[in-house]
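Engineer: I'd like to ask you about the structure that follows.
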Amino acid sequence: RAEANHVPSSSAGRGGAAKRNKFREICLLDIFGFEKFETNRFEQLCINYANEKLQHRYAVDIFAETKEEYEAEGIELFDFSKVDNSGVLELLEGRMGLITSLNEECKRPKGNDAAFVYRIKTMHADSQHLIQQPLDLATEFGIQHFAGAVTYDASNFVERNTDKLPQDLLECACKSTNKTIQREFRELASSVQDAMAGAPRKGGATTKHTVITTFKKQLTDLMASIEKTKTRYIRCIKPNHHMDPGVTNHAMTMAQLQSAGLVTAIAITRESFPDRLAYDTVMERFKVLVPADEMKRS
536 RAEANHVPSS SAGRGGAAKR NKFREICLLD IFGFEKFETN RFEQLCINYA NEKLQHRYAV
596 DIFAETKEEY EAEGIELFDF SKVDNSGVLE LLEGRMGLIT SLNEECKRPK GNDAAFVYRI
656 KTMHADSQHL IQQPLDLATE FGIQHFAGAV TYDASNFVER NTDKLPQDLL ECACKSTNKT
716 IQREFRELAS SVQDAMAGAP RKGGATTKHT VITTFKKQLT DLMASIEKTK TRYIRCIKPN
776 HHMDPGVTNH AMTMAQLQSA GLVTAIAITR ESFPDRLAYD TVMERFKVLV PADEMKRS
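According to the working numbering, the sequence shown is numbered sequentially starting from 536.
Written out as structure tokens, the structure reads:
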């Protein structure tokens, strides 16, 4: 679940449309965390893909500026690869990534899930982020996500990505007595028939209207909006399985902190120089290093 809720200033409603642009907004993004179940399907792939995008944004917001400063000053750099998940994103959304391969399989007349898995395992055989096990089923593959390894069952991936309306429902809607419904569904039926007759190999109707393509575009638009904002991150931690107050399952809590990248972020912060101390704190801590005559002049 990903929701972007716009909360305008309370006084924005009192002015006209021209005045509203002068007021700033607070936008809240609420999203499921990283998911790993006994059986992980198409929905888990989409959710974990969204989390990879947000993790990348988090790393850029928190560490990229510090990394650039260190490089400019010639200071020994911390290991940025610990928080950099660009390799996983390249596997998922790159030019020949999983999304492209799944869309191509949806365009094939006899496209199927096993062929999709075979295709990605062949194309990304050398990738350190794609996990291949000798005893995998024909529809199984794994991804080494930032938060950990996940094995996916690709059964029904092609069907769910295509997301076609049942033919009998489509025909029924085309015969509706409501002129608007009839017109819209007849246009939809016509576009479906054109796609089945043979869409162009690149950018065809089948590729444009797949679930994963739509989801990717929505994520891209979301990241573009976030990039223009001043971002603050709030991590919600589930303390125990039973939601009991005052009880913390330490193993469960640490697993969530680790998958969110907070443990790694803290380790990197400890390795780097402090750059967010208040001036009074710096003065109090380091004034002993300043000669007495300099202190008097200041």
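Backbone N, C-alpha and C fix where the C-beta goes; we use that ideal spot for every residue, glycine too.
Exposed or buried, Ser794, counting other C-beta atoms within 10 Å across all chains shown (16 or more means buried)?
Structural biologist: Looking up residue 794 in the sequence shown gives position 259. That one is buried.
Engineer: So is Asp828 buried or exposed if we call it buried at 16+ other beta carbons inside 10 Å?
Structural biologist: By 1-based counting over the sequence shown, the position of residue 828 is 293. It counts as exposed.
Engineer: Assess contact between the stretch 578 to 597 and the stretch 669 to 683, defined as three or more Cβ pairs (one per stretch) separated by less than 8 Å. Is contact present?
Structural biologist: In this structure the stretch 578 to 597 lies against the stretch 669 to 683, because at least three pairs of beta carbons, one per stretch, are closer than 8 Å.
Engineer: So for Gly738, helix, strand or coil by DSSP?
Structural biologist: The residue given as residue 738 occupies position 203 in the sequence shown. Reliability fails at Gly738, whose pLDDT of 45 lies under 50, so the model's placement of it is uncertain and the value that follows must be treated cautiously. The answer is coil: DSSP assigns Gly738 none of H, G, I, E or B.
Engineer: With a 10 Å radius around its C-beta and 16 neighbouring C-beta atoms as the bar for buried, classify Arg783 as buried or exposed.
Structural biologist: Taking the sequence shown and counting its residues from 1, one reaches residue 783 at position 248. Here residue 783 is Thr; the residue named in the question, Arg, does not match the sequence. Result: exposed.
Engineer: Among Cys562, Asp815 and Ala660, which one has its Cα closest to the Cα of Met631?
Structural biologist: Position 96 of the sequence shown holds residue 631. Looking at the Cα atoms, Ala660 is the closest of the given residues.
Engineer: In chain order, which continuous runs of the beta strand (DSSP E) of length 3 or greater are located wholly inside the stretch 593 to 630?
Structural biologist: none
Engineer: Compare the beta carbon distance of Lys773 and Val685 with 8 Å and say whether it is the shorter of the two.
Structural biologist: As a working note, residue 773 is residue 238 in the sequence shown. As a working note, residue 685 is residue 150 in the sequence shown. In this structure, Lys773 keeps its C-beta atom at 8 Å or more from the C-beta atom of Val685.
Engineer: Opposite Asn575 in the DSSP bridges: which residues?
Structural biologist: Within the sequence shown, the letter at position 40 stands for residue 575. According to DSSP, which records beta bridges pairwise, Asn575 is partnered with Tyr687.
Engineer: Are three or more beta carbon pairs between the stretch 659 to 673 and the stretch 693 to 707 nearer than 8 Å?
Structural biologist: no
Engineer: Assuming Cys709 contacts Arg721 under a Cβ cut-off of 8 Å, what Cβ separation, rounded to an integer in Å, is found between them?
Structural biologist: Position 174 of the sequence shown holds residue 709. Position 186 of the sequence shown holds residue 721. Cβ-Cβ separation between Cys709 and Arg721: approximately 5 Å, consistent with a contact (criterion under 8 Å).
Engineer: Jot down the residue ranges of each uninterrupted alpha helix (DSSP H) in the stretch 738 to 794, minimum 4 residues, whole runs only, in chain order.
Structural biologist: 740 to 743, 746 to 762 and 785 to 794
Engineer: Report the rounded CA-to-CA distance for Met712 versus Thr745, giving the unit in angstroms.
Structural biologist: Position 177 of the sequence shown holds residue 712. Position 210 of the sequence shown holds residue 745. What sits at residue 712 in the sequence shown is Thr, not Met. Answer to the nearest angstrom: the Cα atoms are 29 Å apart.
Engineer: What does DSSP give as the partner residues of Gln728 in its beta bridges?
Structural biologist: Residue numbering aside, residue 728 sits at position 193 when the sequence shown is read from its first letter. Paired residues: none, contrary to the question.
Engineer: Closer than 6 Å by C-beta to Ile655: which residues in its own chain qualify, once you throw out the five before and the five after it? Chain order, please.
Structural biologist: In the sequence shown, residue 655 corresponds to position 120, counting from 1. Cβ neighbours of Ile655 beyond the five flanking positions: Leu633 and Ser636.
Engineer: Which of the three DSSP states, helix, strand or coil, is assigned to Ala703?
Structural biologist: As a first step, residue 703 is located in the sequence shown; it is residue number 168 there, counting from the start. First, the residue type needs correcting, since residue 703 is Asp and not Ala in the sequence shown. Correct three-state label for Asp703: helix.
Engineer: Measure the C-alpha to C-alpha separation of Cys562 and Ala786 and round it to an integer number of angstroms.
Structural biologist: For the purposes of this step, residue 562 is identified with residue 27 of the sequence shown, where counting begins at 1. For the purposes of this step, residue 786 is identified with residue 251 of the sequence shown, where counting begins at 1. Rounded to whole angstroms, Cys562 to Ala786 spans 33 Å at the Cα level.
Engineer: Taking its Cβ as the centre, do 16 or more other Cβ atoms sit within 10 Å of Val817, making it buried, or is it exposed?
Structural biologist: The residue given as residue 817 occupies position 282 in the sequence shown. Val817 should be labelled exposed.
Engineer: Classify His659 as helix, strand or coil using the three-state DSSP reduction.
Structural biologist: Here residue 659 refers to the residue found at position 124 of the sequence shown. Note: His659 maps to coil in three-state DSSP.
Engineer: Measuring alpha carbon to alpha carbon, tell me which of Asp698, Glu625, Tyr593 and Thr601 ends up nearest Val618.
Structural biologist: As a working mapping, residue 618 is identified with position 83 in the sequence shown. Of Asp698, Glu625, Tyr593 and Thr601, the residue nearest in Cα terms is Tyr593.
Engineer: If I measure Cβ to Cβ from Met830 and keep anything under 8 Å in the same chain, skipping five residues before and after, which residues do I get?
Structural biologist: Counting from 1 along the sequence shown, the entry for residue 830 is found at position 295. Excluding sequence neighbours, Met830 sits near Lys822.
Engineer: Which of the three DSSP states is assigned to Glu560 in this structure?
Structural biologist: Counted from its first residue, the sequence shown places residue 560 at position 25. It is a strand residue.
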